[in-house]
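Visitor: I'd like to ask you about the structure that follows.
Residue numbers (this note's numbering): 152 to 416.
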């Protein structure tokens, strides 16, 4: 069915990684088979590029990184594509988010991520996704090129953050719920799907030659830009409705199962 595949993109958390944040046991074996067939493989995640590169250290120069929910695309240590937000807009968004109780902000720049929080639980969660993290006294004083603002709320971003931020910024920016406790604010045109569309142009593969795997609402555009779109068994209901195909859950190594059956078989 999928012998024509030239590109595979997979989300990380809740998709490729198990719930305990571990790669599938046979991941590198499968990757080497894809590489031998010249099939491009991309990690497409809300995670920071440096975090992704660390996760895939042995093969980081052989794959693509669609980082920060599509706002930064890297290949062999070089930027292929980015979508930045002007500093005045960043400051306005931060000021609005600061009014929401029990909410922690990560300001994402190309060089590093930045946070003011010293809350231990929040830092433990933030450090899972942002390996380059700087503590600052004032986010509004940071100097970098900004690609995203990530918002953490342990009580749930869909219910408590999105209803406040979306009416203010969804007309001018991309506001996406990226996990149960995370929400991202990005450039209006930024998404994993927009990044894949640019990669289709750069590397000369088509919609019909593209495969992707996702589980949450930040994967919507990615699934739309790939014909072979897979929702994980553990995916958000909207993702299951959107995707053309279904894969076993992340804890059942669903991404590897589909690739072995449909691409490498």
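Beta carbons are placed, not taken as given, at the ideal position from N, Cα and C, and that holds for glycine.
Pick out whichever of 333, 334 and 348 has its Cα sitting closest to the Cα of residue 340.
Guide: 348
Visitor: Contact between the stretch 251 to 260 and the stretch 292 to 302: three or more CB pairs below 8 Å?
Guide: These segments touch.
Visitor: Looking at C-beta atoms only, is the number of pairs between the stretch 159 to 168 and the stretch 404 to 412 that lie closer than 8 Å three or more?
Guide: yes
Visitor: Once DSSP output is grouped into helix, strand and coil, what is the label at residue 221?
Guide: helix
Visitor: Please classify residue 386 as buried or exposed, where buried requires at least 16 other C-beta atoms within 10 Å of its C-beta.
Guide: Per the 10 Å Cβ criterion, buried.
Visitor: In whole angstroms, what is the alpha-carbon distance linking residue 198 and residue 342?
Guide: 13 Å
Visitor: Give the straight-line distance between the Cα atoms of residue 235 and residue 186, rounded to the nearest whole angstrom.
Guide: 31 Å
Visitor: Starting from residue 390, follow the alpha helix (DSSP H) in both directions and report where the run begins and ends.
Guide: From DSSP, the alpha helix (DSSP H) with residue 390 extends over 388 to 393.
Visitor: If you count every other CB in all the chains shown that lies within 10 Å of the CB of residue 291, and 16 or more means buried, which is it?
Guide: Residue 291 should be labelled exposed.
Visitor: Output yes or no for whether 7 Å exceeds the beta carbon distance between residue 316 and residue 326.
Guide: yes
Visitor: Going along the chain, which unbroken runs of the alpha helix (DSSP H) with 4 or more residues stay wholly within the stretch 195 to 249?
Guide: Counting whole runs of 4 or more residues, the stretch 195 to 249 contains the alpha helix (DSSP H) stretches 200 to 206 and 238 to 248.
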